[in-house]
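1283 is the number of the first residue of the sequence shown in the working numbering; add one for each residue after it.
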Amino acid sequence: MEARTSTPPSAGLDETCVNTIRTLSMDAVQAANSGHPGTPMAMAPVAYLLWNEILRFDPQDPIWPNRDRFVLSMGHASMLLYSMLHLTGVKAVNAKYEQTGEASVTLDDIKNFRQLDSRCQ
1283 MEARTSTPPS AGLDETCVNT IRTLSMDAVQ AANSGHPGTP MAMAPVAYLL WNEILRFDPQ
1343 DPIWPNRDRF VLSMGHASML LYSMLHLTGV KAVNAKYEQT GEASVTLDDI KNFRQLDSRC
1403 Q
């Protein structure tokens, strides 16, 4: 009898999370009819690993002084950042650097990616 290998439950969940990041990013780029989804699709596993296992942050406290920062250029990778902010539930901060309690990036913000007056320009 051959030994059967099975995928650990977390591996399936990890793959689903990475694919969710990819899908959200490429759908937003496609809907905007602007940009290229290559960087968010290729870097989704890296971003997932960083945000899930390495970065120290609290999505409920976006101004926590000792938090790690994740910065990307405003180019092809910007949709990856918007996806991560949305999916991790990071809360918004206003111009006075006060927490608002609202999501920093909503699904509607992502739907308006690269549109005039969008929060995700």
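Don't be surprised by glycine CBs; every beta carbon is placed ideally from N, CA and C.
Rounded C-alpha distance that separates residue i from residue j
i     : j     : result
V1300 : M1308 : 12 Å
M1283 : T1298 : Low confidence applies here, because M1283 scores a pLDDT of 49, under 50, leaving its location unreliable and the question unanswered by this model.
L1367 : I1392 : 10 Å
T1302 : P1322 : 11 Å
P1341 : S1292 : 22 Å
L1331 : D1296 : 9 Å
Q1403 : N1315 : 13 Å
Y1379 : P1347 : 12 Å
L1389 : I1336 : 25 Å
G1371 : Q1397 : 22 Å
P1344 : A1324 : 27 Å
Supposed contact pair residue j and residue i - C-beta distance, whole angstroms, cut 8 Å
i     : j     : result
F1395 : A1313 : 7 Å
R1338 : R1351 : The Cβ separation is near 10 Å, so there is no contact.
L1362 : L1369 : Incorrect: roughly 11 Å between the Cβ atoms, too far for contact.
G1357 : K1373 : Actually they are not in contact, since the Cβ atoms of G1357 and K1373 sit about 26 Å apart, beyond 8 Å.
P1319 : V1311 : 4 Å
Residue i vs residue j beta-carbon contact at 8 Å
i     : j     : result
V1387 : Q1381 : no
L1306 : S1365 : yes
Q.
List, from N- to C-terminal side, the beta strand (DSSP E) runs of 3 residues or more that fit wholly inside the stretch 1330 to 1374.
A. Within the stretch 1330 to 1374, no complete beta strand (DSSP E) run reaches 3 residues.
Q.
If we require 4 or more residues per run, which alpha helix (DSSP H) segments fall completely within the stretch 1373 to 1397?
A. Runs of the alpha helix (DSSP H) inside the stretch 1373 to 1397: 1389 to 1393.
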